[in-house]
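Quick notes on the structure that follows.
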Amino acid sequence: MKMLKENFNIKKATITELLNYYKPETINNYCKKCEKYNKVWSCPTFSFDTMNYINNYKFAYIIAYRININAQSNIENDFNSIKRLIPEVTEYNDDFDKIFKTLYYSARLHLDKLLLSLEKEFQSSLAIFSGRCLFCKVCQKEYGLKCLNETNLKYSLEALGFDVADILKSLLNIEIQWSKESSSQYVTCVSALFSKEEIDISNLNKSISNIIE
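Under UniProt numbering, the first residue of the sequence shown is numbered 1, with each subsequent residue one higher.
Right, here's the structure in full:
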């Protein structure tokens, strides 16, 4: 999958503004229904206070990446190339779910690297991934062991207690669509870059363009 600059939507918010969408109890109840709950170091439960963690930063740059499902080709090639890295992609319910998951996880592999690059470029920033950590096939937390990649361990907005669908709708005017709905037209990955200092969005856009070229 080739990343396209026009598929990115970026919105700046202060952490104070973002906390309007902080609903830890509600979101954690959704997390409890996931088979990864308490089995992955990047997902609840946590040994730290998420509010304190979030409040280390002053700004949030929401980065939404949308993929038009009907405009994609080579999906089977993408599926075959990532299924050994991410076993979940093979756990689909139907053909549409297979396509949706393939596009999502293919995008994630690129986006996670992009976010880590942005974190290195912009001082005092923190990458927030669009979902659970994908660095290991099986997380060591399942065995009660420490993370093997603590340097790159990142959390998602959902894991920290944010209502991502509400953020997407309110701040970017985008309705999130799901794999269980065959009428869905696009896949959306919602990540972020938290920062202790204000970042010029034009510089952020320029950096993204340079990374994906």
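We put the beta carbon where it would ideally sit given N, CA and C, even for glycine.
- In the three-state DSSP reduction, ALA13 falls in the strand class (E or B).
- The shortest C-alpha to C-alpha distance from PRO44 to any of TYR30, TYR143, THR188 is the one to TYR30.
- For the alpha helix (DSSP H) assignment, the uninterrupted runs of no fewer than 4 residues enclosed by the region 53-121 are, from N- to C-terminal side, 75-82, 95-121.
- When secondary structure is reduced to three states using DSSP, LEU193 falls in the strand class.
- Within the region 126-173, complete alpha helix (DSSP H) segments of at least 4 residues are found at 164-172, given in chain order.
- A straight-line Cα-Cα distance of about 10 Å links GLU17 and ILE167.
- THR26 sits in a helix when the DSSP states are folded into three classes.
- A straight line joining the alpha-carbon of CYS147 with that of ARG66 spans about 30 Å.
- Taken atom to atom, the span from the alpha-carbon of SER47 to that of LEU134 is near 20 Å.
- When the alpha-carbon of ALA127 is set against those of GLY144, ILE199, LEU114, ASN68, the nearest one is in LEU114.
- In the structure shown, the three-state DSSP call for TYR186 is strand.
- If you look at LEU204, you'll find it in the alpha helix (DSSP H) that goes 201-212.
- Each residue's CA atom was taken as its position, placing ALA107 and ALA60 some 21 Å apart.
- With a cut-off of 8 Å on Cβ pairs, the region 193-210 is not in contact with the region 33-40, counting fewer than three such pairs.
- By the Cβ neighbour-count rule, GLY144 is exposed, with fewer than 16 other Cβ atoms within 10 Å of its own.
- When SER117, ILE86, GLU175 are compared, the shortest CA-CA separation from ARG132 is found for ILE86.
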